[in-house]
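Engineer: So the sequence shown is numbered by UniProt numbering: it starts at 1 and just counts up by one. Ideal placement from N, C-alpha and C gives every residue a C-beta, glycine not left out. If you scroll down you'll find the structure; I have some questions about it.
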Amino acid sequence: MINMKVSVIIPVYNEQTSLLFTYHKVKETNLVDEMLFVDDGSSDMSPSILSSIQDPIVKVYTHETNRGKGAAVRTGLQHANGDVILIQDADLEYDPRDYAALLKPFHDQQAQVVYGSRFSEAMPEGILFWNKLANRFLTFTTNLLYGTHLTDMETGYKVFHKDVLKQMTLTSDGFEIEPEITALLLKKNIPILEVPIRFHPRAYHQGKKIRPRDAFIALWTLLKVRFTRV
1 MINMKVSVII PVYNEQTSLL FTYHKVKETN LVDEMLFVDD GSSDMSPSIL SSIQDPIVKV
61 YTHETNRGKG AAVRTGLQHA NGDVILIQDA DLEYDPRDYA ALLKPFHDQQ AQVVYGSRFS
121 EAMPEGILFW NKLANRFLTF TTNLLYGTHL TDMETGYKVF HKDVLKQMTL TSDGFEIEPE
181 ITALLLKKNI PILEVPIRFH PRAYHQGKKI RPRDAFIALW TLLKVRFTRV
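This is how it looks when you write it as C-alpha cells:
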C-alpha cells in the first residue's frame, strides 16, 4: 500500500462558517486524493460555498432534504474511489493534522481499520458533561458486548481500507452510523487499531448537532447488531 489513494468523505449540514476552512485544512495535508462533500439538505450558504470550490479533487453530492449524518456518509461511500477512506466532520472538531498518524498504520502494519481516539491519552477539555458520560458509557457497553478494548467507539475519525467496506451493509441515517460501523466491524472480527488524536469540541450554540437522545439510539444499535445475524 505504498501508493494508496486516500478519499475523505465530509458530511455537511449548515456549516457555512467552517466549510471553506475545512476544505483548506484537508487540502493542506497533501495526503488526500479525493474530497467528497455530501451536502445533507443545508438551508444556509453551504451549497453556494461548495459550488464555489474549484478543485479537481473535490466532488459534491447533494441530498434534497436533511436525512442525517449516516445517510451522508453512506452516499459518500457509494462514490469514494480511494484505497483508504476517511470520514471528516465539516465543523473541524477533528483536526486534519492528524491524518498522517491515522494513515500510518495502513503503511506500516497493513491495518484494515484505524480509529482516532480522543480518550486514549488525557481527556480533552471542553467536552460537555453529558457527551462525556454518554461516550464513556457507550464505549464501555461496546467493549462488554463485543469483547474488545476500545477507548472511543463514537469517534468521528474512522478510517477504512476499501475492502473492509465491501463486507458491510450500512443502513443508518443518523448519528447511529457510528455504533453501527463499529458493531459490524467487531461482529465480523475485523481488528480496529486506535491512535491518539486532537479534539476541539464545540458547544450547541456553536452548531453542535448531536443530542442526548442520540445516545439511546446508539445503545439500541449496538444491541441490535450484537444479537442479529449479519
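If we count Cβ pairs, one from each stretch, closer than 8 angstroms, do we get three or more for the segment 161-181 versus the segment 84-102?
Structural biologist: These segments touch.
Engineer: Excluding sequence positions up to five away, which residues of its chain have a Cβ less than 6 angstroms from the Cβ of P179?
Structural biologist: For this step, residue 179 is matched to residue 179 along the sequence shown. So the qualifying residues of the chain are A218, T221 and L222.
Engineer: Quick check on DSSP: helix, strand or coil for L150?
Structural biologist: Translated into the one-based positions of the sequence shown, residue 150 becomes position 150. Note: L150 maps to coil in three-state DSSP.
Engineer: Please go through the segment 97-124 and give each complete alpha helix (DSSP H) segment of 4 or more residues, from N-terminal end onward.
Structural biologist: DSSP runs (the alpha helix (DSSP H)) wholly in the segment 97-124: 99-108.
Engineer: Please return the same chain residues whose Cβ sits closer than 6 angstroms to the Cβ of G41, not counting the five positions on each side in sequence.
Structural biologist: As a first step, residue 41 is located in the sequence shown; it is residue number 41 there, counting from the start. Excluding positions up to five away in sequence, the list reads H63, T65 and N66.
Engineer: Go ahead and pull the three-state DSSP assignment for T139.
Structural biologist: Translated into positions along the sequence shown, residue 139 becomes position 139. Correct three-state label for T139: helix.
Engineer: Less than 6 angstroms between C-beta atoms, sequence neighbours within five positions excluded: which residues of the same chain meet that for A134?
Structural biologist: On the sequence shown, residue 134 is found 134 positions in, with the first residue counted as 1. Within the same chain, A134 has close Cβ partners A215.
Engineer: May I ask you to list the residues that DSSP assigns as paired with K59?
Structural biologist: Here residue 59 refers to the residue found at position 59 of the sequence shown. Paired residue(s): L36.
Engineer: May I ask which residues mark the beginning and end of the alpha helix (DSSP H) holding residue 238?
Structural biologist: The chain is shown from 1 up to 230; residue 238 falls before or after that span and cannot be answered.
Engineer: Roughly how many angstroms lie between the CA atoms of D98 and I192, to the nearest whole one?
Structural biologist: By one-based count along the sequence shown, residue 98 stands at place 98. By one-based count along the sequence shown, residue 192 stands at place 192. Looking at the two C-alpha atoms, the distance is approximately 17 angstroms.
Engineer: In chain order, which continuous runs of the beta strand (DSSP E) of length 3 or greater are located wholly inside the segment 10-36?
Structural biologist: None, since the segment 10-36 contains no complete beta strand (DSSP E) of that length.
Engineer: Does A203 come out as helix, strand or coil in the three-state DSSP assignment?
Structural biologist: For this step, residue 203 is matched to residue 203 along the sequence shown. Residue placement at A203 cannot be trusted, given a pLDDT of 49 that sits under 50; the coordinates are not used to answer.
Engineer: Alpha carbon to alpha carbon, what distance is there between T228 and Y94?
Structural biologist: Counted from its first residue, the sequence shown places residue 94 at position 94. Counted from its first residue, the sequence shown places residue 228 at position 228. Looking at the two C-alpha atoms, the distance is approximately 32 angstroms.
Engineer: With respect to the alpha helix (DSSP H) encompassing F160, which residues constitute its N-terminal and C-terminal limits?
Structural biologist: Taking the first residue of the sequence shown as position 1, residue 160 is located at position 160. Looking at the DSSP string, F160 is not in any alpha helix (DSSP H); the run it does join, the beta strand (DSSP E), is K158 to H161.
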